[in-house]
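Encoded as structure tokens, the structure appears first; notes follow it.
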Amino acid sequence: MLARLAENLFWAGRYVERAEDTARMVDVTYHTLLESPQGRVSQSWEQLLEVLHLQQLYGEQPIEPERAVEFLVIDRDNPGSIAACITRARENVRSVRELVSSELWESVNDLHLTLRSRDMRQELLDQPFQLLRWIRRDCMTIYGVASETMPRDDVWRFMALGRLLERAEMTCRLIDVRYGQLESIVNASPRGPAAGAETALGAGRTDFHHWTAVLKSASALEAYRRRYRSSMDPADVVEFLLLEPDLPRSVVFCLTGAMHQLEALSGGAPSPATRRLGRATSSLQYRDVTDLFDVGLHEFLDGVQDQVGDVAETVASEFFRHQPTGAMHAIAAG
Amino acid sequence: MRLDIRYTTRFRYAGQVTESQNELRACPTTDDHQWLVHYDVTTFPTSRVQSYLDHWGTRVDTFGVRLPHDRLEVVATATVETGSRPQDPPSLPLSALQDSRFRDEHLEFLQTSAHVAWGDPVAATAADCATRAGEDAVDVIMAVHECVAGLEFQAGTTQVGTPVDDVLAAGAGVCQDFAHLAIAMYRHLGIPARYVSGYLFTVDDATGEDSVTDEVEVETHAWIEAALPGWGWLALDPTNAQEVGERHVTIGRGRDYDDVSPFRGVFTGRQDHELDVAVTMRRLALEPLGDIPGGFMRQVAQQQQ
Amino acid sequence: MGDLFSDYTLDGFFDEVFEATGVRPHYRGVVERLRYLSSADLERREVIRDGIFRSAGITFTVYGDDDGIERTFPMDLLPRLIPANEWDVIERGVVQRVTALNRFLEDLYAGEQAAVHDGVVPRWLVHTAEGFRREAFGIAVPHAARCLVSGVDLVRDHEGTYRVLEDNLRNPSGISYVLENRAAMTRVLPVAFAEQRVRPVDHYGPMLLRALRSVAPPSAGENPLAVVLTPGVYNSAYFEHAFLARQMGIQLVEGRDLVVDEHVVYMRTTKGLERVDVIYRRIDDDFLDPVVFRPDSALGVPGLLSAARAGNVTIANAVGNGVADDKAVYAFVPDMIRFYLGEEPILPNVQTYLLWDDDQRAAVLDRLGELVVKPVAESGGYGLLIGPHATDEEVEAFRGRITDDPRGYIAQEIVALSRHPTLIGDRMEGRHIDLRPFAISGEQVEVIPGGLTRVALKRGSLVVNSSQGGGSKDTWVLQADAPTTRSDVSATEREV
Numbered sequence: 023m024l025a026r027l028a029e030n031l032f033w034a035g036r037y038v039e040r041a042e043d044t045a046r047m048v049d050v051t052y053h054t055l056l057e058s059p060q061g062r063v064s065q066s067w068e069q070l071l072e073v074l075h076l077q078q079l080y081g082e083q084p085i086e087p088e089r090a091v092e093f094l095v096i097d098r099d100n101p102g103s104i105a106a107c108i109t110r111a112r113e114n115v116r117s118v119r120e121l122v123s124s125e126l127w128e129s130v131n132d133l134h135l136t137l138r139s140r141d142m143r144q145e146l147l148d149q150p151f152q153l154l155r156w157i158r159r160d161c162m163t164i165y166g167v168a169s170e171t172m173p174r175d176d177v178w179r180f181m182a183l184g185r186l187l188e189r190a191e192m193t194c195r196l197i198d199v200r201y202g203q204l205e206s207i208v209n210a211s212p213r214g215p216a217a218g219a220e221t222a223l224g225a226g227r228t229d230f231h232h233w234t235a236v237l238k239s240a241s242a243l244e245a246y247r248r249r250y251r252s253s254m255d256p257a258d259v260v261e262f263l264l265l266e267p268d269l270p271r272s273v274v275f276c277l278t279g280a281m282h283q284l285e286a287l288s289g290g291a292p293s294p295a296t297r298r299l300g301r302a303t304s305s306l307q308y309r310d311v312t313d314l315f316d317v318g319l320h321e322f323l324d325g326v327q328d329q330v331g332d333v334a335e336t337v338a339s340e341f342f343r344h345q346p347t348g349a350m351h352a353i354a355a356g
Numbered sequence: 009m010r011l012d013i014r015y016t017t018r019f020r021y022a023g024q025v026t027e028s029q030n031e032l033r034a035c036p037t038t039d040d041h042q043w044l045v046h047y048d049v050t051t052f053p054t055s056r057v058q059s060y061l062d063h064w065g066t067r068v069d070t071f072g073v074r075l076p077h078d079r080l081e082v083v084a085t086a087t088v089e090t091g092s093r094p095q096d097p098p099s100l101p102l103s104a105l106q107d108s109r110f111r112d113e114h115l116e117f118l119q120t121s122a123h124v125a126w127g128d129p130v131a132a133t134a135a136d137c138a139t140r141a142g143e144d145a146v147d148v149i150m151a152v153h154e155c156v157a158g159l160e161f162q163a164g165t166t167q168v169g170t171p172v173d174d175v176l177a178a179g180a181g182v183c184q185d186f187a188h189l190a191i192a193m194y195r196h197l198g199i200p201a202r203y204v205s206g207y208l209f210t211v212d213d214a215t216g217e218d219s220v221t222d223e224v225e226v227e228t229h230a231w232i233e234a235a236l237p238g239w240g241w242l243a244l245d246p247t248n249a250q251e252v253g254e255r256h257v258t259i260g261r262g263r264d265y266d267d268v269s270p271f272r273g274v275f276t277g278r279q280d281h282e283l284d285v286a287v288t289m290r291r292l293a294l295e296p297l298g299d300i301p302g303g304f305m306r307q308v309a310q311q312q313q
Numbered sequence: 217m218g219d220l221f222s223d224y225t226l227d228g229f230f231d232e233v234f235e236a237t238g239v240r241p242h243y244r245g246v247v248e249r250l251r252y253l254s255s256a257d258l259e260r261r262e263v264i265r266d267g268i269f270r271s272a273g274i275t276f277t278v279y280g281d282d283d284g285i286e287r288t289f290p291m292d293l294l295p296r297l298i299p300a301n302e303w304d305v306i307e308r309g310v311v312q313r314v315t316a317l318n319r320f321l322e323d324l325y326a327g328e329q330a331a332v333h334d335g336v337v338p339r340w341l342v343h344t345a346e347g348f349r350r351e352a353f354g355i356a357v358p359h360a361a362r363c364l365v366s367g368v369d370l371v372r373d374h375e376g377t378y379r380v381l382e383d384n385l386r387n388p389s390g391i392s393y394v395l396e397n398r399a400a401m402t403r404v405l406p407v408a409f410a411e412q413r414v415r416p417v418d419h420y421g422p423m424l425l426r427a428l429r430s431v432a433p434p435s436a437g438e439n440p441l442a443v444v445l446t447p448g449v450y451n452s453a454y455f456e457h458a459f460l461a462r463q464m465g466i467q468l469v470e471g472r473d474l475v476v477d478e479h480v481v482y483m484r485t486t487k488g489l490e491r492v493d494v495i496y497r498r499i500d501d502d503f504l505d506p507v508v509f510r511p512d513s514a515l516g517v518p519g520l521l522s523a524a525r526a527g528n529v530t531i532a533n534a535v536g537n538g539v540a541d542d543k544a545v546y547a548f549v550p551d552m553i554r555f556y557l558g559e560e561p562i563l564p565n566v567q568t569y570l571l572w573d574d575d576q577r578a579a580v581l582d583r584l585g586e587l588v589v590k591p592v593a594e595s596g597g598y599g600l601l602i603g604p605h606a607t608d609e610e611v612e613a614f615r616g617r618i619t620d621d622p623r624g625y626i627a628q629e630i631v632a633l634s635r636h637p638t639l640i641g642d643r644m645e646g647r648h649i650d651l652r653p654f655a656i657s658g659e660q661v662e663v664i665p666g667g668l669t670r671v672a673l674k675r676g677s678l679v680v681n682s683s684q685g686g687g688s689k690d691t692w693v694l695q696a697d698a699p700t701t702r703s704d705v706s707a708t709e710r711e712v
């Protein structure tokens, strides 16, 4: 396959996933705020922007909920906004239209056109939950359509690989955004930051509603309940979202899935990318998570994201490397 | 005069670049006035050089370096034997230039081209020269030549692409500007004129004499040729206010600079680079070969094709 | 029951379907099938047609539309029929013409330039043609198949004589419509189609691939690799580029997918570099290789021409074909046929005036309002003056342009293009049409039966180009000759 098209497929998978997961994170942040005191609102959004690495793009302006949501959902100047992700996903799918099923192209194009035609600003104000749920559902429709209409060849594999690696990273962030928000609530408490870490732990361990929201936003609440019944221990939640091999949004599920795709793409032979991914997966699989809250969950999640990022870069250099980097320039001499 | 020529182009890039593809026009041609004895091109990083004769009869060396590199060096070496040329054009009325067959054959050198597009100032100056010179074609050619030769040689006032009207207004330029301006004036007057790219062997600055066996540093040079019906091309060097002789080594001819530009190419990566072009010439202390038989020259030229 | 043709009028034009006495014999079957269709029936068939086109994604992009809204090129429900004996003339004429043009181009770029030396085509005319590419000098093409795909635009005049209006030798588009129109027609009018014994067109893809592989350089080996090179998804003909790649089962690439190494072209794949032997390019000459042409072009492949010259890749269509479809050079094609083939042209040109000739120009300027004026290097129907349809200001503007740049324009007598009944709303009206047969040059020149019939949908308009609001018809070349006898018309006698 052409290296450029493989890369576009990979990014098509990533962008749709990023759009969907951003919708999930905006949703969970909203949800939390319904139960929070007024003063926490801007901090929560700030945390979300930080976890998504978008705080610099957001700029110096005060963080008001309406503006933050607009920035994350419909602002086309923000390359991480849902609308921008879908536009870029569409551009990528458009360039590989000859390779993918027409149903897949139509579903991506439909979402793109709808996002452009609707009065999103008003809808965000009136019915944010409905809108976010609708975006999530349409993103899932795209995967469903792809899954039901495309043969499991390299075209499918590059797209699936992009999607799974993106989801692994985003699930880390989903856990992190929730955890960070709890931390900030405690840090801002009258007792001061000195007591923060310990109290965050306490808050994290006890805040039933908040962890319910995290599970829900990962579509994992029912599965969790079946596994753990009524207990809501944050360590269990984190373990479930990180390590549960059968949960489609868990990090381990994504990484093992990515490994299947990579192995097929490399024809079964070990490659730098499979080795890296193998290392990342096994170091996670055999991690005891009970002490994660004590050693620092945030740092740990950052580490996992870095490893996933390394895998993505290795994939790029292994499969997409034949493309030159940089622009072309003309030269002349007398 | 037997001359050794070494033409070196060096690019130093700010970072690693890739996929460089280039064309070099540095090879002396073989014609009635000069004979190419030897020519060779090497590049660093090494590459396979593919050569051909272009539409204008100029040898072009093409080569590329795909893998990452941070410098590119191209060295062309040539040995050429030059002879003096007859500069005794017959007296011809200007009207002889109107012959339709002559015009048809020379149409490419009568029209505007990328670097030879002129406006009213150049047209007026050309018309002045013609009026002063009278009805004889050679007189008109020489009048334009002297007019352009009156400009001042000055590097830095112009660049590739400066319009000829601006060159005229500035009254200064480099050899390409002298050539383009003269060509524009000739074409305006209906005299076919073409651009010649080449090398000029200059005397030693210190002694004012030819140095023999010592290398002289020069630059690539440009001059012009104007066509006369039934006689051929009259070669003039307006930059140096002289006729073209055995010190001039022709690389190629075209409508203007674009057709014979010595080096052009593209690469991918960061644009920043340093460029260093050096031309050295050396006169070989050999007995002159005497007149070079024209038939032999043609044979050599055919072999090259 | 209504009759689609009840108010149909000929208005003095040559009509493809009707002659003075009634329906032409070879059209009777189709006309009888369509004549009494109810409007509901028509609507149903239009819905089927539109569905087929939409799902096939047969569209062209309108430039400057950032939503990439894609339009379809509307196909009329009534097909255009060409009987075997007429097609025989067209086919032989197009093969003859394209053969001569190939010979001329090969001779010009890689030969002795005999036509120029012998004054068949004026040297200065070649040298001033916008499409002349000195950069391509010395690059030979196997079998001299320089016009690997060409489209020769034909019109029928008031007597029904087929004449060549212009040649398209660079990147003629439209073949995708020919194939898709056929696919749609066999489903929209299956019975009428089956009755007619129509010659198929669906072997175009294999035919094109065979030609592409036949021009592979000798160094390519037994199994040459061909690709389609497109400027990208934003090009208005991208659909066709993708369509052709699919029809041939070969890779569709952009310039950045290719790289030249040591004068060999490679394709960048996930498994490394793969050698490419033949490039069917749908990029204009000027954008093909930034080393040689426009240095700012990012659409092309640096070093491509050096690879072609080294004999490691063949570029199709060849570089520089524009010199031969220059509309002033067009006037000399009949002479090229005589010169290179020693034959008389089978298909005549339209009477053309060359405006650099003082006498011809003066005569043209005297009757500018009666003629068609065309810029020599444009295609797609842009920049035309159609005298009788133009305002006085437009005519005067062209007078100025011609005087300033006589080499830049030609003038032609207006051809009263033949008309064909076309469904407008719920009835048939006469509309002017032309025909673009497609020829493929490989080891020999072949013509796909039929071609693209374009329809000027605007009443009275003579401009059929898709970019100028044209539509199309499926073109059926019949296995059988048209009956030569005037048959009994009483059964189908109509007001026409």
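Chain order of the listed sequences is Y, S and X.
Add 22 to a position in the first sequence, counting from 1, and you land on the number used in the numbering used here.
Add 8 to a position in the second sequence, counting from 1, and you land on the number used in the numbering used here.
Add 216 to a position in the third sequence, counting from 1, and you land on the number used in the numbering used here.
By construction, the Cβ of each residue, glycine as well, lies at the ideal position given by its N, Cα and C atoms.
Legend entry - Nearest residue (CA-CA) to Y/A349, options S/H153, S/M9, S/G277: Of the candidates S/H153, S/M9, S/G277, the one whose C-alpha sits nearest the C-alpha of Y/A349 is S/G277.
Legend entry - For X/D266, the nearest candidate out of X/N565, X/I562, X/A578, X/N397 (CA to CA): Looking at the Cα atoms, X/N397 is the closest of the given residues.
Legend entry - Backbone secondary structure at Y/A355 - three-state DSSP: In the three-state DSSP reduction, Y/A355 falls in the strand class (E or B).
Legend entry - Cβ shell of S/A344 (< 7 angstroms), same chain only, five flanking positions each side left out: Lying before the first or after the last residue shown, residue 344 of chain S is absent from chain S, which here runs from 9 to 313.
Inset, instruction - With DSSP collapsed to three states, give me the class of S/G65. - result: In this structure, S/G65 counts as coil in the three-state DSSP scheme.
Inset, instruction - Establish whether the CB of Y/E120 and some CB of chain X are separated by less than 8 angstroms. - result: By this cut-off, Y/E120 is an interface position.
Inset, instruction - Under 8 angstroms between beta-carbons, which chain X residues line up against S/V211? List them in chain order, please. - result: Neighbours of S/V211 across chain X, judged by C-beta separation under 8 angstroms, do not exist; the nearest C-beta is about 37 angstroms away.
Inset, instruction - Establish whether the CB of Y/H282 and some CB of chain X are separated by less than 8 angstroms. - result: No, because no Cβ of chain X sits closer than 8 angstroms to the Cβ of Y/H282.
Inset, instruction - Please go through the same chain and pick out, in chain order, the residues whose beta-carbon is closer than 6 angstroms to the beta-carbon of S/E223, but skip the five residues on each side of it. - result: If we look at S/E223 and ignore the five residues flanking it on each side, its Cβ neighbours are T288, R290.
Inset, instruction - Determine the extent of the alpha helix (DSSP H) in which X/S688 is found, giving its start and end residues. - result: Secondary structure note for X/S688: it is in no alpha helix (DSSP H), and the uninterrupted beta strand (DSSP E) holding it is 686 to 689.
Legend entry - Reduced DSSP secondary structure (H/G/I, E/B, other) of Y/K238: It is helical.
Inset, instruction - Give every residue of the same chain whose Cβ lies closer than 8 angstroms to the Cβ of S/Q24, excluding the five residues on either side of it in the sequence, and list them in chain order. - result: Within the same chain, Cβ atoms closer than 8 angstroms to the Cβ of S/Q24 are found at P76, H77, D78, G277, the five residues on either side in sequence being excluded.
Legend entry - Status (buried if at least 16 other CB within 10 Å, exposed otherwise) for Y/S305: Exposed is the label assigned to Y/S305, since fewer than 16 other Cβ atoms lie within 10 Å of its Cβ.
Legend entry - Runs of alpha helix (DSSP H) wholly within the segment 30 to 98 of chain Y (minimum 4 residues, chain order): Qualifying alpha helix (DSSP H) stretches, in chain order: 63 to 73, 77 to 80, 87 to 95.
Legend entry - Buried or exposed by the 16-neighbour rule on C-beta atoms within 10 Å, applied to S/T258: So S/T258 counts as buried.
Legend entry - Where Y/V208 falls, given that 16 or more other Cβ within 10 Å makes a residue buried: For Y/V208, the predicted model reports a pLDDT of 47, less than 50, meaning its position is unreliable and no value from the coordinates is stated.
Legend entry - Alpha-carbon to alpha-carbon, S/A125 and S/A190: Between the alpha carbons of S/A190 and S/A125 lies a gap of roughly 12 angstroms.
Inset, instruction - Please state whether DSSP places S/T17 in a helix, a strand or coil. - result: It is a strand residue.
Inset, instruction - Evaluate X/Y482 with the Cβ neighbour count: other Cβ atoms within 10 Å of its Cβ, from every protein chain shown; 16 or more gives buried, anything less gives exposed. - result: Buried, by the Cβ-count rule.
Inset, instruction - Taking S/S269 as the query, report the chain Y residues whose CB atoms sit under 9 angstroms from its CB, ordered along the chain. - result: What S/S269 touches in chain Y: A354, A355, G356.
Inset, instruction - Could you name the residues of the segment 457 to 480 of chain X whose beta carbon sits closer than 8 angstroms to any beta carbon of chain S, in the order they occur along the chain? - result: Those would be V475, V476, D477, E478, H479, in chain order.
Inset, instruction - Assign S/Q162 to one of three DSSP states: helix, strand, or coil. - result: If DSSP states are grouped into helix, strand and coil, S/Q162 belongs with coil.
Inset, instruction - For S/G273, decide whether its Cβ has a neighbour in chain Y, counting only Cβ atoms nearer than 8 angstroms. - result: Yes, because at least one Cβ of chain Y sits closer than 8 angstroms to the Cβ of S/G273.
Inset, instruction - Could you confirm whether any beta carbon from chain X is found closer than 8 angstroms to the beta carbon of S/R14? - result: No, S/R14 lies away from the interface with chain X (no Cβ there is under 8 angstroms from its Cβ).
Legend entry - Any 3 or more C-beta pairs closer than 8 angstroms across the segment 225 to 237 of chain S and the segment 196 to 214 of chain S: The count of Cβ pairs closer than 8 angstroms, one atom from the segment 225 to 237 of chain S and one from the segment 196 to 214 of chain S, reaches three, so the stretches are in contact.
Inset, instruction - Return the CA-CA distance between S/R111 and S/T66, expressed in angstroms with no decimal places. - result: So the alpha carbons of these two residues sit roughly 23 angstroms apart.
Inset, instruction - Answer yes or no: do Y/A295 and Y/E261 have a C-beta to C-beta separation smaller than 8 angstroms? - result: Taking 8 angstroms as the Cβ cut-off, Y/A295 and Y/E261 do not qualify as a contacting pair.
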